[in-house]
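Residues -24 to -1, 1 to 753, numbered by mature numbering (1 follows the signal peptide of the UniProt record, and there is no 0), are exactly what the sequence shown covers, in order. Let me begin by presenting the structure, written as structure tokens, before commenting on it.
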Amino acid sequence: MKQHPYSLLSLAIFAACYSGSAMADLKAQCLLGVPHFQGEVVKGEQTQLPVYIEADNAEINQPRDATYSGNVVVKQGNRTIVADQIRVEQDGDNARQAFLQGMFDYQDNLINAKGNNASINLLNKEAELSQVDYQLVGRQGRGNAQHVAVSDDKRVMKNASFTSCLPDDKSWTIDASEMIQHVKEEYAEMWHARFKVLGVPVFYSPYLQFPIGDRRRSGVLIPNAGHSGRDGYFYSQPFYWNIAPNMDATITPTYYSRRGWQFSPEFRYLSPIGQGRVAAEYMQKDRLAEWTEKNKSRHLIFWQHNINFASNWHFAADYTRVSDRRYFSDFDSSFGSSTDGYATQNFKLGYYQPSYNLSIAAKRFQTFDESGSKPYRVFPQINFNYYKDNVVQNGDFVFFSQLSHFANDSKTMPTAWRLHTEPALNFPVANRYGSLGIEAKLYATHYWQKQGEAKNAEVVQRSVSRVLPQLKVDLKTTLQATKAWINGFTQVLEPRVQYLYRPYKDQSAIGSKRQTSLGLGYDSALLQQDYFSLFNDRRYSGLDRIASANQMTAGGTTRFFKNSTSEEVFNLSAGQIYYLSPSKVDSNSQNTTAKRSSSWSLESNWKFHPKWNWHGAYQYDTRLNETSLANTSLQFKPKENHVVQLNYRYASRHYIDQNLSSNLYGQDIKQIGMVAGWELTDNVSMMVSHYQDLALKKPVESQLGITYNTCCWSANFYTARRLVATPTGKPDSIKNFYYDNRFGVNFELRFGTNYSSGVSKILKKGIIPYTEAFSIN
């Protein structure tokens, strides 16, 4: 198939030029055709208010009845009736009935109705109307009915219709033999409902419900249909269940012509025992030709929960688990992505006080790389933190301790208990010139290790202790230039210097030798470096690898502020670590900083125009003597729902390989791309994106999404060509890819509550979605 990689960019440029002809926003246009209540809404019980009647002629028979004719206007509270002739019958204080003869126009703060002949009780809200054309007030919604019976909280209509389309717009209507509109609950019921498009019946239901307000209602949501080169034709139909005011659920069956049925329930709740959601995705048998395990189901389980209770207690759960390592590559799920290398299962229960807190947690990672070593699960992990200010003169005391148990699914890997304590004493000094922080800390850790149960399990040292003192001096200041070298701007310098010392301790006995050779531990890994991480205490996450340190970190940020608005328009941060002696954790040279300095890290933001922003980040690795990481973004955003962003990102193969535990990637990452979301007119919005991998010489992803909006319906068209890994490809090969061509469409009926252009929604599609990655302010 011939590719046209530049056609999407051309469309984006066309979009930017074409949008200048946009009219007033869609909401304003739609509400122009909607009646609005004039004057101030009268509060209180309307039926107890006095009745005012104006007419050209009046014939009054005291005290029983009166007949008014000629331009008759009746007002009571918020309701006004205009008619050719009105006869009012009165029985003392027991009844006051108005009979409208001929054409009438009824108006209040909720509905306008025109018809022929009516009966209205002026002492309550009951009315009988005939041959009615009605329209909701202040919101879209209109229709007609042969007969309408109005009471305090509902309207019963015979041979009625409803649509949210404006007058003279017959895009869709719903006709019914009987319709009941529940005013307070904001929904309507229909019997023998016929859904019509342009006057042509396309759907029948013996019973139907739909919203006439903003409240949640149970029912059918927007379906999604399309075609994928991998999945075949697909159709997804969500059902919404409004269980209670504090809980609801969505059940979504999806049919794939090449794979079968998938069911996806999701339950959300807010209760005294906390708030959260539970979700699942389940396919009993996957018929996909490339999937070999036909006898196994494919599924996902998700649970997220948070609760504060008993004043000082908090519990949190974040659990995601899938049936197989290919799940996120084969399914588009809102609970994970193909770019994620793992799924997490975390639980934490904590008790919090102003000066201390105590928590117990469990952590587990489900990784999708079968060739690498399995990650450790942690349970229990008990944390204790204590804080005490001015424990000595100008000195603040901080104490952290942790007890953890590590286990592994692989029987060749050791298990361990770890007890770690970390007392620290801080002496902060600050004045208007800057701040100086002096910190003394002690890392004291003890391990009880046990050899794995497999016969070929590695022998480990049963008891290991490690004690490391640390000294840190951190100096920060802020300097403002007395005379700006750029007219109209104020420059601020924020230099920072930090000295860190920690002696060397051989930690090769902690964990297995295989982990040690890779710089890993039970919960440790080398951290990715950027400007802000240069001032971190440690090079590794977790507590198993604490590298020696005798280093100076120097860096700073310069900022430029516009004098007229005090708005920051430019900043630049740069920094580097200078090793006075090599930083190492063991005798392995791979885990030692042989060079005298770390990577140079730079980061910058520039708002060179109110509509233009630029962001860039760069790292030069002094050990590799090459650029290790770089990325830049240029964004044009003249107003909301109008954005174009150009991106470039780079990672060297050597930097990637030294951070992988296995399976050398063997190739640079060089990706250039653009994403644009643009409201072309009030009715048409478009998203277009294209990403090209210059190293692979392949397009990574191309997307085009178009949304057409009207006052009462919208349509979304989406197409994408995406590079994905084949399910049968080897995980260590970067060449086992194929393209999945996808097309989707869905339609939405609007009931006068949603006027979104859809730009923000369609920008989130794709494996590389749009993110506003920087903000100068």
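In this text, a Cβ means the ideal position worked out from N, Cα and C, and glycines have one as well.
Buried or exposed for residue i, going by 16 or more other Cβ atoms inside 10 Å?
i           : result
Asn437      : Here the sequence assigns Gln to residue 437, which means Asn is not the residue at that position. Looking at its Cβ environment, which holds fewer than 16 other Cβ atoms inside 10 Å, Gln437 is exposed.
Leu8        : exposed
Leu174      : exposed
Pro143      : exposed
Arg28       : The sequence shown places Tyr at residue 28, not Arg. When all chains shown are included, Tyr28 counts as exposed.
Asp597      : buried
Asn539      : exposed
Gly317      : exposed
Glu655      : buried
Gly681      : buried
Val48       : buried
Ile249      : exposed
residue 777 : Any answer about residue 777 is impossible in this case: the structure gives the chain only from -24 up to 753.
residue 795 : This structure leaves residue 795 out entirely; the chain is present only between -24 and 753.
Asp482      : exposed
Trp289      : exposed
Ala(-1)     : With a pLDDT of 48 at Ala(-1), under the threshold of 50, the modelled position of that residue is not reliable, and the figure given next carries that caveat. The residue in question, Ala(-1), is exposed, as its Cβ has fewer than 16 Cβ neighbours within 10 Å.
Gln329      : exposed
Tyr694      : buried
Glu748      : exposed
Gln38       : exposed
Phe584      : exposed
Arg718      : buried
Gly312      : buried
Under 6 angstroms Cβ to Cβ from residue i, same chain only, skipping five residues before and after it: list those, please.
i      : result
Arg170 : Asp151, Pro177, Tyr180
Asn526 : Tyr477, Leu556, Ser557
Asp32  : Gly46, Asn47
Tyr746 : Val651, Leu739
Gln456 : Val468
Arg263 : Arg235, Gly236
Thr149 : Ser137, Thr139, Lys172
Just to check my reading of the structure: residue i and residue j have Cβ atoms closer than 8 angstroms, yes? What is that Cβ distance to the nearest angstrom?
i      : j      : result
Phe243 : Ala220 : Wrong, their Cβ atoms sit about 12 angstroms apart, outside the cutoff.
Lys452 : Ser484 : In fact, because the Cβ distance is near 36 angstroms, the residues do not count as touching under 8 angstroms.
Asn135 : Asn85  : So it is not a contact: roughly 27 angstroms between Cβ atoms.
Gly576 : Phe546 : The residue you asked about is not Gly; residue 576 is Trp in the sequence shown. About 20 angstroms; that fails the 8 angstroms criterion.
Tyr498 : Phe355 : No, Tyr498 and Phe355 are not in contact; Cβ-Cβ is about 12 angstroms, not under 8 angstroms.
Asn384 : Lys350 : 6 angstroms
Arg698 : Asp716 : 5 angstroms
Thr43  : Glu30  : Incorrect: roughly 14 angstroms between the Cβ atoms, too far for contact.
Val108 : Asn120 : 6 angstroms
Val113 : Asn88  : 6 angstroms
Tyr631 : Leu672 : Their Cβ separation, rounded to whole angstroms, is 17 angstroms, which puts Tyr631 and Leu672 out of contact at 8 angstroms.
Asp644 : Tyr667 : No, Asp644 and Tyr667 are not in contact; Cβ-Cβ is about 15 angstroms, not under 8 angstroms.
Could you spell out the range, first to last residue, of the alpha helix (DSSP H) harbouring residue i?
i      : result
Val651 : First-last for Val651: 645 to 655, but that is the beta strand (DSSP E), not the alpha helix (DSSP H).
Leu418 : It is not in any alpha helix (DSSP H) - Leu418 instead sits in the beta strand (DSSP E) that spans 410 to 426.
Leu8   : 2 to 8
Ser305 : 303 to 306
Can you name, in chain order, every residue of its own chain whose Cβ lies under 8 angstroms from the Cβ of residue i, other than the five neighbours on each side?
i      : result
Gln260 : Gly236, Trp237, Ser273
Asn722 : Ile198, Pro199, Asn200, Ala201, Ala691, Asn692
Ala433 : Lys387, Thr388, Met389, Pro390, Gln427
Could you check where the beta strand (DSSP E) with residue i kicks off and where it finishes?
i      : result
Ile738 : Taken as a continuous stretch (DSSP letters only), Ile738 belongs to no beta strand (DSSP E), being part of the alpha helix (DSSP H) at 735 to 738.
Asp224 : 223 to 232
Tyr327 : 318 to 328
Asp151 : 148 to 158
Tyr626 : 618 to 627
Leu112 : 103 to 112
Phe285 : 274 to 285
Arg244 : 236 to 247
His203 : 200 to 204
Gly46  : 41 to 52
Asn93  : 87 to 97
Thr747 : First-last for Thr747: undefined, no H or E at that position.
Tyr555 : 543 to 555
Gln527 : 525 to 538
Glu269 : First-last for Glu269: undefined, no H or E at that position.
Arg353 : 353 to 368
Apart from the five residues on each side of it in sequence, which residues of its chain come closer than 7 angstroms, Cβ to Cβ, to residue i?
i      : result
Pro229 : Gln213, Trp237, Phe239
Ser573 : Gln552, Ile553, Tyr554, Tyr555, Thr598
Asn282 : Gly250, Gln251, Gly252, Ala292
Counting beta carbon pairs with one atom in the region 122 to 135 and one in the region 12 to 20, are three or more of them shorter than 8 angstroms?
no
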